[in-house]
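Residue numbering for the sequence shown follows the working numbering, beginning at 228 and increasing consecutively.
To start, the structure under review is shown below, and the notes come after it.
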Amino acid sequence: FKDFAELWPEKFQNKTNGITPRRWLLLCNPNLSDLIMENLNGNDAWITDLTLINQLKSRVNDTALLRNLMRIKRDNKAKFAGYMEQNYGIHLNTASLFDI
Numbered sequence: 228f229k230d231f232a233e234l235w236p237e238k239f240q241n242k243t244n245g246i247t248p249r250r251w252l253l254l255c256n257p258n259l260s261d262l263i264m265e266n267l268n269g270n271d272a273w274i275t276d277l278t279l280i281n282q283l284k285s286r287v288n289d290t291a292l293l294r295n296l297m298r299i300k301r302d303n304k305a306k307f308a309g310y311m312e313q314n315y316g317i318h319l320n321t322a323s324l325f326d327i
């Protein structure tokens with residue numbers, strides 16, 4: 228984000244102390260939270276202690292994990308694009324970068 232923040236500094240204003248995992252991750256992106264839990268051996272303690280996610284750093288080159296992560300990202304973009312099409316008549320190319 229550094230390059231984008233330099234181009235449009237007015238768009239980047241941090242007003243929070245970070246994400247709230249129960250609200251953002253668990254409710255808004257359940258497939259990603261499931262993937263995290265699977266890759267932490269089913270341990271859900273990360274929900275209240277986000278530092279446990281650091282354990283995933285050792286899997287940074289795990290092609291199966293990365294493939295699943297990209298699938299989740301694609302699926303979420305497709306769901307959002309479908310919502311925009313249905314509710315606003317706006318067609319979004321899911322291969323593009325979404326700046327929302």
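In this text, a Cβ means the ideal position worked out from N, Cα and C, and glycines have one as well.
In whole angstroms, what separates the C-alpha of residue 313 from that of residue 298? In this structure, the alpha-carbon of residue 313 lies about 22 Å from that of residue 298.
Would you identify the three-state DSSP class for residue 320, choosing helix, strand or coil? In the three-state reduction of the DSSP assignment, residue 320 falls in the coil class, being assigned neither a helical nor a strand state.
Just to confirm before moving on: does the CB-CB distance between residue 332 and residue 288 stay below 9 Å? The displayed coordinates of the chain run from 228 to 327. Any statement about residue 332 would go beyond what the structure contains.
On the three-state DSSP scale, how would you describe residue 278? The answer is helix: DSSP assigns residue 278 an H, G or I state.
Could you spell out where the alpha helix (DSSP H) holding residue 294 opens and where it closes? 290-315 is the extent of the alpha helix (DSSP H) around residue 294.
Measuring alpha carbon to alpha carbon, tell me which residue in 260, 325, 234 is nearest residue 304. That would be 325, whose Cα lies nearest to the Cα of residue 304.
Who are the near neighbours of residue 249 in its chain, counting only those whose CB is closer than 7 Å to its CB and skipping five residues on each side? Within the same chain, residue 249 has close Cβ partners 274.
Cα-Cα separation, residue 265 to residue 259: C-alpha separation (whole angstroms): 10 Å.
What's the gap between the Cα of residue 306 and the Cα of residue 285? If I take the Cα positions, the gap works out to 30 Å.
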